[in-house]
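Peer 1: Mind having a look at this structure? Questions to follow.
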Amino acid sequence: MSEEPRPFVLVTGLSGAGKASILRVLEDLGFETVDNPPLAILDALVQEGSGPIAAGIDTRTRGFDPAKAIAAIAGLRQRPEIFPSLVYATAEEEVLLRRFTETRRRHPLAPGGPLGARVQDGIAREAALLAPLREAADLILDTSTLPLPELRRVIEARFRPEGAPGLNINLKSFGFPRGLPREADLVFDLRFLANPHYDALLRPMTGRDAAVAEYVAADPEFPGFWTRLIGFIEPLLPRYVAEGKKYLTIAMGCTGGRHRSVFVAEKMAAHLRQQGWRVDVAHRELGQTPDMVLSATSTPVSAPPAPPMPLSVNSET
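Following the working numbering, the numbering of the sequence shown begins with -12 at its first residue and continues without gaps.
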């Protein structure tokens, strides 16, 4: 069975139209990206690579010649192991003018001297020079009214390789006495759930043990809480992906960080994996001995079991 052709994306276009942003999206998708390599080494760049490659060229590229760039793409199309694409980024003149004003960058074809210093003139010269590449492009992206998240979605829909990295979700359990995990994006307080710590048989165990899991799940408040938790988190994940977020840490906390938070983190991880998400789990306090955890809490060992409590936020046992 023959291998799938290896993608090569050549990105070009008007200065200020988003070439660098397109390359960054491709890099996030796992492409090896090179900005402004000399045209003479494009073939070697593709030949020596082992995965998807993207290169950006513009009028500043050494040896820039639209005809040579088109010829290079045509040559790569003759190689069955390579799947080349030419992407051209453009935008309306008034948008480009505003972007150059905001960034205070000098247009490469309006540097002053004999060429003049008017950005409008530089844009016109560049558009004329790049016209053959625009005509030959497989994809023309007008970024005039295209926000970055939408640009990302367009690029990902067109060029995402199979198995490309997406959103990395990290589920972390912790105990409140040691403070919140600094890297947490979302934090959930589970101290309202029935606490296995007060059961002498369950106290040495963790939320990974079936007996502890059954104890916490038997709390009358748990089914409704779990339904609401899933209903809150699941719709957020595709929105994070659409915004280009690469890492999401969801922290689950309880008093000692060994029972309730561990169980819910493990249950959440299993659920999200079934939905096709890539999930890692870490339990911050499980590296400690039970005695160390107990000494860090304000609840004495001999405290009686807490009565059932209603679903609430920041309630302690």
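The beta carbon of each residue, even a glycine, is placed where N, CA and C say it ideally should be.
With distance defined between alpha-carbon atoms, name the residue in G218, L116 and R271 nearest to G240.
Peer 2: With distances taken between Cα atoms, G240 lies closest to R271.
Peer 1: Can you list, in chain order, the residues of its chain with a C-beta nearer than 6 Å to that of L173? Leave out the 5 residues immediately preceding and following it.
Peer 2: I237
Peer 1: By Cβ distance, which residues of its chain are closer than 6 Å to P67, with the 5 residues on each side in sequence left out?
Peer 2: none
Peer 1: Using a Cβ-Cβ cutoff of less than 6 Å, which residues in the same chain neighbour A290 once the five nearest sequence positions on both sides are dropped?
Peer 2: Residue placement at A290 is poorly supported in this model, since its pLDDT is 35, which falls under 50; the coordinates are not used for a value here.
Peer 1: When the Cα atoms are used, what is the spatial distance from A7 to I44?
Peer 2: Take the alpha-carbon of A7 and the one of I44: they are about 10 Å apart.
Peer 1: Which same chain residues, not among the five before or five after T276, have their C-beta less than 8 Å away from its C-beta?
Peer 2: Because T276 sits at a pLDDT of 35, beneath the cut-off of 50, its placement in the model cannot be relied upon, and the following sentence gives the value as read from the coordinates. For T276, where only same-chain residues beyond five positions count, there are no Cβ hits under 8 Å.
Peer 1: By alpha-carbon positions, which one of I9, A197, A198 and V(-2) ends up nearest to P24?
Peer 2: V(-2)
Peer 1: Taking its Cβ as the centre, do 16 or more other Cβ atoms sit within 10 Å of A38, making it buried, or is it exposed?
Peer 2: Checking the sequence shown, residue 38 turns out to be Gly, not Ala. Classification of G38: exposed, given that the 10 Å Cβ count is below 16.
Peer 1: So Q107 and L84 are in contact, right, with Cβ under 8 Å, and what is the actual spacing, rounded?
Peer 2: 7 Å
Peer 1: Which value, in whole angstroms, describes the spacing of the CA atoms of G265 and V12?
Peer 2: Note on identity: in this sequence residue 265 is Arg, with Gly being the wrong assignment. Taking the straight line joining both Cα atoms gives about 20 Å.
Peer 1: The alpha helix (DSSP H) that contains R265, what's its start and end?
Peer 2: Careful: R265 lies outside any alpha helix (DSSP H), inside the beta strand (DSSP E) at R265 to H270.
Peer 1: Anyone know if the C-beta pair for F250 and G194 falls short of 7 Å?
Peer 2: yes
Peer 1: Which ranges would you report for the beta strand (DSSP E) in the segment -10 to 38 if only whole runs of at least 3 residues count?
Peer 2: -7 to 0 and 19 to 22
Peer 1: If I follow the unbroken beta strand (DSSP E) through A111, where does it start and stop?
Peer 2: Element bounds for A111: not the beta strand (DSSP E) but the alpha helix (DSSP H), V106 to A123.
Peer 1: Please go through the same chain and pick out, in chain order, the residues whose beta-carbon is closer than 6 Å to the beta-carbon of M255, but skip the five residues on each side of it.
Peer 2: The answer, listed in chain order, is L158.
Peer 1: Please list, in chain order, all residues of the same chain as G0 whose beta carbon is under 6 Å from its beta carbon, the five residues on each side excluded.
Peer 2: Counting only Cβ-Cβ distances below 6 Å, and skipping sequence neighbours, we find K6, Y75, A76 and T77.
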